[in-house]
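**Q**
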Amino acid sequence: MSETPSSNDPGQAGFCRVNTVARLEVPAGESLLEWLRDTADCVDVRKGCDTGHCGACAVLVDGVPVKSCSVLAQEAGARDVHTLAGLSLLDQPATQAVLAAAEQRQPFQCGYCMPAFMLAAIALLQDTPDPTDAQIRDAFAGLLCRCTGYLPIVDMVGLAARLLRGASPGGEGRTA
Amino acid sequence: MIDKPLNWHRPAALEDAQALLSRFPDAVPMGGGQHLIPRWRQSGTPATVVSLGLVPAMRHIERHGRVLRLGAAVTLNELAASAAVGDGIPALSSLAGKMGDRLMRNRATIGGALCTTSQAGCLPAAMLGTRAVVHTTARDIAAHDWFQPRGPGGPTLEKGELIVGVSLRIPDAASHQCLRLIPGRFALLTVFATRAEHEFGVGISGLSASAFRAFAAEAWLAGGAAAGSTGLDRVFEEHPGQSDIQAHGAYREAQARRLLKKAAEALLA
Chain A
132 MSETPSSNDP
142 GQAGFCRVNT
152 VARLEVPAGE
162 SLLEWLRDTA
172 DCVDVRKGCD
182 TGHCGACAVL
192 VDGVPVKSCS
202 VLAQEAGARD
212 VHTLAGLSLL
222 DQPATQAVLA
232 AAEQRQPFQC
242 GYCMPAFMLA
252 AIALLQDTPD
262 PTDAQIRDAF
272 AGLLCRCTGY
282 LPIVDMVGLA
292 ARLLRGASPG
302 GEGRTA
Chain B
624 MIDKPLNWHR
634 PAALEDAQAL
644 LSRFPDAVPM
654 GGGQHLIPRW
664 RQSGTPATVV
674 SLGLVPAMRH
684 IERHGRVLRL
694 GAAVTLNELA
704 ASAAVGDGIP
714 ALSSLAGKMG
724 DRLMRNRATI
734 GGALCTTSQA
744 GCLPAAMLGT
754 RAVVHTTARD
764 IAAHDWFQPR
774 GPGGPTLEKG
784 ELIVGVSLRI
794 PDAASHQCLR
804 LIPGRFALLT
814 VFATRAEHEF
824 GVGISGLSAS
834 AFRAFAAEAW
844 LAGGAAAGST
854 GLDRVFEEHP
864 GQSDIQAHGA
874 YREAQARRLL
884 KKAAEALLA
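Residue numbers (this note's numbering), protein chains in the order written: chain A, 132 to 307; chain B, 624 to 892.
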């Protein structure tokens with residue numbers, strides 16, 4: 132039995148597509164976080180601890196959530212990078228379900244961690260359209276909410292999953 | 624922040640990676656960078672980095688009979704999702720899927736976990752418990768030799784030597800027991816125990832300065848892990864619990880004893 136996990140072509144390593152709109156040249160010697168905020172004008176990517184602990188800087192690289200402070204910008208070469216602002220423009224069912232659930236539940240307080248939690252929720256629902264509470268919490272492990280308002284965020288994902296399945300948005304929602 | 628421009632390379636073949644390391648003797652090889660990049664912010668950025676994530680010779684997950692071969696650049700989430708790993712050593716699959724957090728696991732690699740005992744402290748115990756062999760570009764090293772002589776500073780590789788992968792013995796039964804710190808979910812203590820016919824393997828990480836193969840615990844298991852046996856005491860005589868800011872040594876020993884008993888129950892049931 133043999134498996135080879137997929138990997139990208141390094142041929143276009145110097146360029147990266149951000150939010151589907153452009154291929155931008157990635158520089159040497161910057162973290163993906165710094166490059167996205169300072170050069171690609173993606174200020175919806177938050178700078179948090181800068182040590183890989185809080186997860187506020189999460190982005191999707193080829194659809195996979197990563198902490199952009201712990202990724203070199205060059206590592207995003209030949210890959211698709213999505214931030215929440217870019218994803219919100221796409222007509223993807225999981226994205227639209229999470230946006231609708233967030234609008235309905237209003238689960239965030241100060242909002243600093245919001246892009247990271249939303250991206251992690253979208254990535255989870257794309258792989259697991261009907262997640263359990265344990266799966267939601269596992270997807271959010273490594274993301275810190277400075278207001279500690281985790282329960283409404285978990286609840287929001289439950290609602291998004293129901294919306295994604297076409298079920299009634301009411302039902303068994305929790306309140307914190 | 625990264626403090627200066629990097630001379631960054633992403634070779635597409637193992638030979639290219641070795642050539643780069645010969646050309647730039649001070650180059651730092653990097654897997655997913657989850658340990659290195661935050662550390663560079665404190666200690667300074669190296670002049671040259673060789674990123675190994677796309678080297679095909681380091682990306683394999685293969686089963687050959689009772690041996691599982693894993694490439695050094697396989698990420699922890701790929702390890703957790705692998706059918707070959709899940710069929711061969713379900714406890715390893717479960718362990719890999721619980722290390723750190725999902726975002727970190729999407730980048731962190733087996734090779735990186737072998738080179739650090741910090742956040743990825745579970746994997747060394749699994750390597751020791753399965754009597755793994757670490758393959759480098761120059762030699763094969765038994766996991767017991769790889770981890771035992773060193774502390775948390777990292778293994779001693781020669782200049783230009785790279786970890787290519789690791790081979791694990793597939794046991795008849797395996798048990799992964801872990802004590803996690805909340806918040807953070809990082810493992811304070813990990814016990815990974817295996818049984819292959821009448822042979823046992825036990826790896827422990829988090830008890831002392833480096834992960835180690837617990838020969839005394841293996842003998843205790845082979846003797847039936849009888850209640851009241853003093854066999855377990857020898858583990859802590861040889862490897863006393865280390866006290867630090869996270870836990871007192873006596874607490875680590877008590878918890879390790881509890882985890883070892885749970886592993887014994889699972890393996891001897």
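Quick reminder that beta carbons are idealized off the backbone N, C-alpha and C, glycines included. These numbers were taken from a predicted model, which means no experiment stands behind them.
By the three-class DSSP mapping on this structure, what secondary structure does residue 181 (chain A) have?
**A** As a first step, residue 181 (chain A) must be located in the first sequence, where it is residue number 50. Here residue 181 (chain A) sits in coil by DSSP.
**Q** Which residues, in order along the region 185-200 of chain A, keep a beta-carbon less than 9 angstroms from a beta-carbon of chain B?
**A** The region 185-200 of chain A vs chain B, Cβ under 9 angstroms: 186, 189, 192, 195, 196, 197, 198 and 200.
**Q** Give the secondary structure of residue 776 (chain B) by DSSP, where H, G and I count as helix, E and B as strand, and everything else as coil.
**A** Walking along the second sequence from the start, residue 776 (chain B) turns up at place 153. Below a pLDDT of 50, predicted positions are generally treated as unreliable, and residue 776 (chain B), at 48, falls in that range; the measurement from the model is reported next regardless. The answer is coil: DSSP assigns residue 776 (chain B) none of H, G, I, E or B.
**Q** Per DSSP, what are the beta-bridge partners of residue 801 (chain B) in this structure?
**A** Here residue 801 (chain B) corresponds to residue number 178 of the second sequence, with the count starting at 1. BP columns for residue 801 (chain B) point to B:813.
**Q** Nearest CA to the CA of residue 848 (chain B): which residue from B:878, B:828, B:883 and B:672?
**A** Walking along the second sequence from the start, residue 848 (chain B) turns up at place 225. The candidate whose alpha carbon is nearest that of residue 848 (chain B) is B:883.
**Q** Taking Cβ positions, are residue 196 (chain A) and residue 233 (chain A) nearer each other than 8 angstroms?
**A** The residue labelled residue 196 (chain A) in the question sits at position 65 within the first sequence. The residue labelled residue 233 (chain A) in the question sits at position 102 within the first sequence. Cβ atoms of residue 196 (chain A) and residue 233 (chain A): not closer than 8 angstroms.
**Q** Measuring only between beta-carbons, confirm whether residue 743 (chain B) sits less than 8 angstroms from chain A.
**A** Looking up residue 743 (chain B) in the second sequence gives position 120. In this prediction, residue 743 (chain B) scores a pLDDT of 48, lower than 50, which makes its location untrustworthy; the coordinate-derived value is nonetheless stated afterwards. For residue 743 (chain B), the answer is no, since every Cβ of chain A falls outside 8 angstroms of its Cβ.
**Q** Give a yes or no on whether the minimum CB-CB distance between residue 252 (chain A) and chain B is below 8 angstroms.
**A** For this step, residue 252 (chain A) is matched to residue 121 along the first sequence. Cβ-Cβ to chain B under 8 angstroms: no for residue 252 (chain A).
**Q** So what does DSSP say about residue 645 (chain B), is it helix, strand or coil?
**A** Position 22 of the second sequence holds residue 645 (chain B). Residue 645 (chain B): helix per DSSP, three-state reduction.
**Q** Between residue 257 (chain A) and chain B, is any beta-carbon pair separated by less than 8 angstroms?
**A** For the purposes of this step, residue 257 (chain A) is identified with residue 126 of the first sequence, where counting begins at 1. No, residue 257 (chain A) does not count as interfacial toward chain B.
**Q** Does DSSP put residue 763 (chain B) in a helix, in a strand, or in coil?
**A** For the purposes of this step, residue 763 (chain B) is taken as residue 140 along the second sequence, with counting starting at 1. Of the three classes helix, strand and coil, the one that applies to residue 763 (chain B) here is strand, per DSSP.
**Q** Residues of chain A with CB closer than 7 angstroms to the CB of residue 657 (chain B), please, in chain order.
**A** As a working mapping, residue 657 (chain B) is identified with position 34 in the second sequence. Simply 183 and 201.
**Q** So, using beta-carbon positions, are residue 755 (chain B) and residue 780 (chain B) closer together than 8 angstroms?
**A** Translated into positions along the second sequence, residue 755 (chain B) becomes position 132. Translated into positions along the second sequence, residue 780 (chain B) becomes position 157. Their beta carbons are not under 8 angstroms apart, which means residue 755 (chain B) does not touch residue 780 (chain B) by this criterion.
**Q** What does residue 145 (chain A) touch in chain B if you count any residue whose Cβ is under 7 angstroms from its own?
**A** Locating residue 145 (chain A) in the first sequence gives position 14, where the first residue counts as 1. Near residue 145 (chain A) there are no residues of chain B at all, since even the closest Cβ is about 10 angstroms away, more than 7 angstroms.
**Q** Mind reading off the beta-carbon distance from residue 157 (chain A) to residue 147 (chain A)? Whole number of angstroms is fine, and I expect it under 8 angstroms.
**A** The sequence position of residue 157 (chain A) within the first sequence is 26, counting from 1. The sequence position of residue 147 (chain A) within the first sequence is 16, counting from 1. The Cβ separation is near 5 angstroms, so the contact holds.
**Q** Taking 8 angstroms as the cut-off, decide whether the C-beta atoms of residue 649 (chain B) and residue 671 (chain B) are in contact.
**A** As a first step, residue 649 (chain B) must be located in the second sequence, where it is residue number 26. As a first step, residue 671 (chain B) must be located in the second sequence, where it is residue number 48. Yes, the Cβ-Cβ distance between residue 649 (chain B) and residue 671 (chain B) is below 8 angstroms.
**Q** When you compare only the Cα positions, how much space is there between residue 839 (chain B) and residue 853 (chain B)?
**A** Residue mapping note: residue 839 (chain B) aligns to position 216 of the second sequence, counting from 1. Residue mapping note: residue 853 (chain B) aligns to position 230 of the second sequence, counting from 1. Answer to the nearest angstrom: the Cα atoms are 10 angstroms apart.
**Q** In chain order, which continuous runs of the alpha helix (DSSP H) of length 4 or greater are located wholly inside the region 814-866 of chain B?
**A** List check, alpha helix (DSSP H) in window: 838-845 and 854-861.
**Q** Give a yes or no on whether 8 angstroms exceeds the smallest Cβ distance from residue 723 (chain B) to chain A.
**A** On the second sequence, residue 723 (chain B) is found 100 positions in, with the first residue counted as 1. Residue 723 (chain B) counts as touching chain A.
**Q** Alpha carbon to alpha carbon, how far is residue 832 (chain B) from residue 746 (chain B)?
**A** For the purposes of this step, residue 832 (chain B) is identified with residue 209 of the second sequence, where counting begins at 1. For the purposes of this step, residue 746 (chain B) is identified with residue 123 of the second sequence, where counting begins at 1. When rounded, the distance between both Cα atoms is 15 angstroms.
**Q** Rounded to a whole number of angstroms, what is the C-alpha to C-alpha distance between residue 655 (chain B) and residue 189 (chain A)?
**A** By 1-based counting over the second sequence, the position of residue 655 (chain B) is 32. By 1-based counting over the first sequence, the position of residue 189 (chain A) is 58. Rounded to the nearest angstrom, the two C-alpha atoms are 15 angstroms apart.
**Q** Check this for me: beta carbons of residue 226 (chain A) and residue 150 (chain A), under 8 angstroms apart or not?
**A** As a working mapping, residue 226 (chain A) is identified with position 95 in the first sequence. As a working mapping, residue 150 (chain A) is identified with position 19 in the first sequence. No, they are not a contact pair.
**Q** Can you give me, in chain order, the residues of the region 671-698 of chain B that have a beta carbon less than 8 angstroms from any beta carbon in chain A?
**A** 672, 674, 676, 677, 679, 682, 683, 684, 685, 686, 697 and 698
**Q** DSSP puts residue 229 (chain A) in a beta bridge; with which residues?
**A** Working through the first sequence from its first residue, we reach residue 229 (chain A) at position 98. BP columns for residue 229 (chain A) are empty, so no partner.
**Q** With residue 751 (chain B) as the anchor, note down where its alpha helix (DSSP H) starts and where it stops.
**A** Against the second sequence, residue 751 (chain B) aligns to sequence position 128. Element bounds for residue 751 (chain B): 745-752.
**Q** Distance check for residue 244 (chain A) and residue 308 (chain A), CA to CA, integer angstroms please.
**A** Limits of chain A in this structure are 132 at one end and 307 at the other, which puts residue 308 (chain A) out of reach.
**Q** Mind checking the region 149-160 of chain A against chain B and listing, in chain order, the residues whose C-beta falls within less than 9 angstroms of any C-beta there?
**A** 158, 159 and 160
**Q** Assuming the contact rule is C-beta atoms closer than 8 angstroms, residue 186 (chain A) and residue 247 (chain A) should be a hit. Round their C-beta distance to whole Å, please.
**A** As a first step, residue 186 (chain A) is located in the first sequence; it is residue number 55 there, counting from the start. As a first step, residue 247 (chain A) is located in the first sequence; it is residue number 116 there, counting from the start. Going by Cβ atoms, the distance from residue 186 (chain A) to residue 247 (chain A) rounds to 5 angstroms, so yes, they are a contact pair.
**Q** What number of angstroms, rounded off, separates the C-alpha of residue 890 (chain B) from the C-alpha of residue 818 (chain B)?
**A** Position 267 of the second sequence, counted from the first residue, corresponds to residue 890 (chain B). Position 195 of the second sequence, counted from the first residue, corresponds to residue 818 (chain B). The alpha-carbon atoms of residue 890 (chain B) and residue 818 (chain B) are separated by roughly 7 angstroms.
**Q** By how many angstroms is the C-alpha of residue 835 (chain B) removed from the C-alpha of residue 663 (chain B)?
**A** To locate residue 663 (chain B), count along the second sequence from 1; it is residue 40. To locate residue 835 (chain B), count along the second sequence from 1; it is residue 212. If you take the alpha carbons of residue 663 (chain B) and residue 835 (chain B), they lie about 28 angstroms apart.
**Q** How long is the line joining the alpha carbons of residue 636 (chain B) and residue 642 (chain B), rounded to whole angstroms?
**A** As a first step, residue 636 (chain B) must be located in the second sequence, where it is residue number 13. As a first step, residue 642 (chain B) must be located in the second sequence, where it is residue number 19. One C-alpha to the other measures close to 10 angstroms.
**Q** Pick out whichever of B:841, B:651 and B:823 has its Cα sitting closest to the Cα of residue 735 (chain B).
**A** On the second sequence, residue 735 (chain B) is found 112 positions in, with the first residue counted as 1. Considering only alpha carbons, the answer is B:651.
**Q** Taking a Cβ distance cut-off of 7 angstroms, strictly less, list which residues of the region 273-296 of chain A are near chain B, in chain order.
**A** 273
**Q** Less than 8 angstroms between the CB atoms is what I'm expecting for residue 199 (chain A) and residue 164 (chain A), so what's the real figure, rounded?
**A** Residue numbering aside, residue 199 (chain A) sits at position 68 when the first sequence is read from its first letter. Residue numbering aside, residue 164 (chain A) sits at position 33 when the first sequence is read from its first letter. About 4 angstroms separates the two Cβ atoms, so the contact holds.
**Q** Give a yes or no on whether the minimum CB-CB distance between residue 660 (chain B) and chain A is below 8 angstroms.
**A** Translated into positions along the second sequence, residue 660 (chain B) becomes position 37. Taking Cβ atoms only, chain A reaches closer than 8 angstroms to residue 660 (chain B), which makes this a yes.
**Q** If you reduce the DSSP assignment to three classes, tell me which class residue 249 (chain A) lands in.
**A** Taking the first sequence and counting its residues from 1, one reaches residue 249 (chain A) at position 118. In the structure shown, residue 249 (chain A) sits in a helix (DSSP, three-state: H, G or I).
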